[in-house]
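In terms of our numbering, the sequence shown is numbered consecutively and its last residue is 454.
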Amino acid sequence: MLGGLRNYLAHVGMFSRNIWLFLLAALLMGIGRQIFQVLRNQYLNALQLSGSDLTSVQGLNSLGTLVIALPAIVIIGRRSARSLLAVVALVNALAYAAQALFGNLDVFRASAFCAGLAMGLNVALGAPFLVRNTGLAERVFAFSIQSAVSWPLSGVVGSWLSGWLQSSAQAWAGQGVHFMGERVPPDLFGYRFALLVGAAIVLLGLVPVALIREPKPEGAHKSIRALLTVHNRGRLFMLGLPEMIIGFGAGLTVPFFNVYFQNEWSLGPREIAPIFTLMFLVLVVSYLLAPPLIKRFGPVKVILLSQVLSLPFFVELALRNFLWAAIVAFIMRQTLMNLSDPVYRQFAQEVADPRDRNSVAVVVHTSRQLFFVVANFASGYLIDAAGGRFTWVIVTTIGLYVVAIASELIILPRLDRARRYNTLTLERRQAVEG
């Protein structure tokens, strides 16, 4: 065990300065984003928006991520990661602040769309950046730790802060306060204050971003046509197909789990925040365990087994037997299903034609996001039709995940043979050059 730990730390010690700065920026921006993610839907719910209005805000956020997809291939090919990460931090912070300052549905929709644009760009540049700044030995560790830092680790801090900030500000507000020219009830003031703090934390991410140093991108002087050229379209389609199906299922439920606990179990922000915090703690551990699991079983088995094992826990969420069972099922479902994400992103980069890596990063994400957007809008109507219950959306999601896993059973083993060939070729080349 100690030998395994030393080996793990030795690989982490191989990270470059750029990787450490990238991880710090991801942590800070992730904390601010998670405060927002945990509270925003509850905030809109407290404003008594209908299910379709609530999900339309999330849908426009997802739509923004989709709209930037094709331009992102060109943008990340021509601009440095440092400048793009700075734009991501600024736009996200301004969008979060706008939703906190102005309790208006049109503002929610517009700023959610802008935040989606920034997030789409952030996701697109991440995988190519990690590949450029890592060697073959430490790459799997970089992908896993980046995923752990940018979501679950930042989620632990952000989820705890979300409940503490909201409840503290609500208590301080007493019977209500004057805010932005209007009388605001204490609970709404708590939401707005917490979202503003989240926006400020996102801005702190600009500090490590400013210290990143990279040469000009390879595509800095290429034409738009050259940057958009795909050299292996069949492989790109095979990588995108399972993500499309998973995206639709995820879009029906994932953004609204906080509302699930609010509607199905009558929990408030103070009770929901610890549930998300515990989920993120478990997910951090699972992400950190991903590298040895991949080395032991290979990426395809890790992807498929984690997704299959998540399904029974999703069934428990639909059955709604006991609160403790729903909490355990939520944590295990999130942990197992999300464990496959960094593994899949690295796998996609390794099986791709090296000339298509930017395109692959965008297409893999966009394939999921495209159907995630459609599902965001559909989810509200399913929830409303069920009288605020989540049974229909959860059952539909389970069915879609089963179809996605079946498609992966056909596609991924074939692609894994190409991955092993590419890896072996690279190792031989490095041995000759060494």
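Beta carbons: idealized from backbone N, C-alpha and C, even for Gly. Quantities reported herein were computed from a predicted structural model and do not represent experimental measurements.
Item                                                                                                            : Value
Beta carbon of Ala-109 nearer than 9 Å to that of Leu-181                                                       : no
Proximity below 9 Å, CB of Arg-290 to CB of Gln-186                                                             : yes
Validate contact between the region 314-328 and the region 355-366 using beta carbons, cut 8 Å, 3 pairs         : yes
Burial state of Leu-59, where buried means 16 or more other Cβ atoms lie within 10 Å                            : buried
N-terminal and C-terminal residue of the beta strand (DSSP E) that Glu-202 is part of                           : 202-204
Start-to-end residues for the alpha helix (DSSP H) that takes in Met-34                                         : Unbroken run through Met-34: none, as it is neither H nor E.
Residue(s) in a DSSP beta bridge with Val-217                                                                   : BP columns for Val-217 are empty, so no partner.
Val-197 - partner residues in DSSP beta bridges                                                                 : Val-204
Test item: CB-CB of Thr-386 and Leu-272 under 9 Å                                                               : no
Coil, strand or helix - Asp-126 by DSSP                                                                         : helix
C-beta contact flag for Trp-171 and Asn-358 at 9 Å                                                              : yes
Separation of Ile-418 from Ser-164, as counted between CA atoms                                                 : 26 Å
Three-state class that DSSP yields for Arg-373 in the structure shown                                           : Arg is not the amino acid found at residue 373; the sequence shown has Asp there. DSSP places Asp-373 in coil when its eight states are reduced to three.
Cutoff 7 Å; reference Ala-101; Cβ partners in own chain excluding five residues on either side                  : Leu-145, Phe-149, Ile-232 and Glu-234
Coil, strand or helix - Lys-236 by DSSP                                                                         : coil
Three-way DSSP call (helix, strand, coil) for Thr-411 in this model                                             : helix
Runs of alpha helix (DSSP H) lying entirely within the region 268-333, each at least 4 residues, in chain order : 277-285 and 289-317
Local conformation of Asn-531 per DSSP, three classes                                                           : For residue 531 there is no data in the structure shown, the boundaries of the chain being 21 and 454.
Closest by C-alpha distance to Ala-338, when choosing among Asn-378, Met-299 and Trp-285                        : Trp-285
Through-space distance from Thr-85 to Leu-137, alpha-carbon basis                                               : 5 Å
The region 265-279 touching the region 387-397, judged by at least three CB pairs closer than 8 Å               : yes
Extent of the continuous alpha helix (DSSP H) run through Gln-119                                               : 101-121
Terminal residues of the alpha helix (DSSP H) in which Gly-97 lies                                              : 89-98
Cβ neighbour criterion (16 or more within 10 Å) applied to Asn-61                                               : buried
Pro-228, enclosing alpha helix (DSSP H) - first and last residue                                                : 226-230
Contact under 9 Å by Cβ, Phe-350 with Ile-295                                                                   : yes
Environment of Leu-332 [buried if 16+ CB atoms lie within 10 Å]                                                 : According to the sequence displayed, residue 332 carries Pro and not Leu. By the neighbour-count rule (16 or more Cβ atoms within 10 Å), Pro-332 is not buried but exposed.
Thr-355 (DSSP reduced to helix, strand or coil)                                                                 : helix
N- and C-terminal bounds of the alpha helix (DSSP H) containing Gln-68                                          : Gln-68 -> no alpha helix (DSSP H), and no H or E assigned at all.
Cα-Cα separation, Gly-210 to Asn-378                                                                            : 41 Å
8 Å contact criterion, which Val-380 and Leu-259 should meet: CB distance rounded                               : 6 Å
Distance CB(Ala-115)-CB(Ala-135) smaller than 9 Å                                                               : yes
Where Arg-26 falls, given that 16 or more other Cβ within 10 Å makes a residue buried                           : exposed
Three-state secondary structure (DSSP) of Glu-483                                                               : As displayed, the chain neither begins before 21 nor continues past 454, which places residue 483 out of reach and without an answer.
Arg-37 versus Asn-142: straight-line alpha-carbon distance, rounded                                             : 19 Å
Sub-9 Å separation of Leu-48 and Val-222 beta-carbons                                                           : yes
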